[in-house]
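Peer 1: Okay, so the sequence shown: first residue is 36 according to our numbering, each after it adds one.
First the structure, which I've put down as C-alpha cells, then a few questions once you've had a look.
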Amino acid sequence: MLKFVFAVVISLVSLSTTAKSIVVLGDSISAAYGIEVGQGWVALVQGKLQEKYSDYTVNNESISGDTSAGGLARIDGVLSRHKPSVVIIELGANDGLRGLSPAELKNNLAEIARRAKKSDAKVLLLSMRIPPNYGKRYTEMFYNVYPQLSKELSVPYVPFILEDVALVKQLMQQDGLHPNEKAQAVIVEKIWPHLVNLLK
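In C-alpha cells form, the structure reads like this:
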C-alpha cells in the first residue's frame, strides 16, 4: 500500500513540474465577447494542444475593453501567478478605437514583452487593425507598431488576426467589431503555426 501511495505522489510531483503554461493577455477578442467562452479561439487552441502538446495549459487573462496600459498594469501579477512558458499578447484595438497615441501603445506593449521575456517566457504578439474611418495616417501608424516591435524586440508577430474575418459579414457579430463563433476557427488557423514554432 505504501509503495502505491509513494508512486502516486511521485507521479503527481512529476506532472506538476512538467506542466507548462501559456498565458493569453488580451481584450474582448480573446475573452470571447458575445459568445460562449468555450467557443472562443483561446479555448479552441487549448483543444488543439491536447493532440500534440498536452503538457501545455492555456490560462486566459483577457478582459473585454482592456487597453495596452491595462495589460501593462496586470502583467506582473499574471507572470507571478502562472509562471508561463509563453505569453501571447493580444492588445491594442481599444487603444486605437479611443484614438490613443501609437507611441504610447508601442511603449506599453514593449514593456509587457520585456517583462515577459525577463521572466523567461517566450512572447507572441498578435497584431490588430482599426477601422479606416480613423484616417490613413493614424491607422498605418497604429498597425506598424506590431512589426516594429517584432523587429526591435526579436519577438514573432502574427499579422492582423481578423484579416479574413473583419470584412465577412457572416463571421462578425452585429456590432461589426467582434468576431462570432464561426470566426473563431479561422482566427486559430492564423495563430496556430506561429504558436507551434515557439513550442518546438
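Every residue gets a Cβ at the ideal spot worked out from N, C-alpha and C, and that includes glycine.
I need the DSSP call for Ser136, collapsed to helix, strand or coil.
Peer 2: Stepping through the sequence shown from its first residue, residue 136 is reached at position 101. DSSP places Ser136 in coil when its eight states are reduced to three.
Peer 1: Helix, strand or coil for Tyr173 per DSSP?
Peer 2: Mapped onto the sequence shown, residue 173 falls at position 138. DSSP places Tyr173 in helix when its eight states are reduced to three.
Peer 1: Within a Cβ cutoff of 6 Å, which residues of the same chain sit near Ile110, ignoring the five residues on either side of it in sequence?
Peer 2: Here residue 110 corresponds to residue number 75 of the sequence shown, with the count starting at 1. For Ile110, where only same-chain residues beyond five positions count, the Cβ hits under 6 Å are Ile147 and Arg150.
Peer 1: Should Gly112 go down as buried or exposed, given a rule of 16 or more other Cβ atoms within 10 Å for buried?
Peer 2: To locate residue 112, count along the sequence shown from 1; it is residue 77. Label assigned to Gly112: exposed.
Peer 1: DSSP state of Val80, grouped into three classes?
Peer 2: For this step, residue 80 is matched to residue 45 along the sequence shown. Helix at Val80.
Peer 1: Are the beta-carbon atoms of Ala218 and Val200 separated by less than 7 Å?
Peer 2: Here residue 218 is taken as the residue at index 183 of the sequence shown, counted from 1. Here residue 200 is taken as the residue at index 165 of the sequence shown, counted from 1. Yes, they are a contact pair.
Peer 1: Output the residue ranges of the beta strand (DSSP E) runs that lie fully inside the segment 94-174 and measure 3 residues or longer, sorted by chain position.
Peer 2: The qualifying runs are 121-125 and 157-161.
Peer 1: Based on the DSSP secondary-structure assignment, which residues constitute the bridge partners of Ser56?
Peer 2: Within the sequence shown, numbered from 1, the residue matching residue 56 stands at position 21. Paired residues: Thr92.
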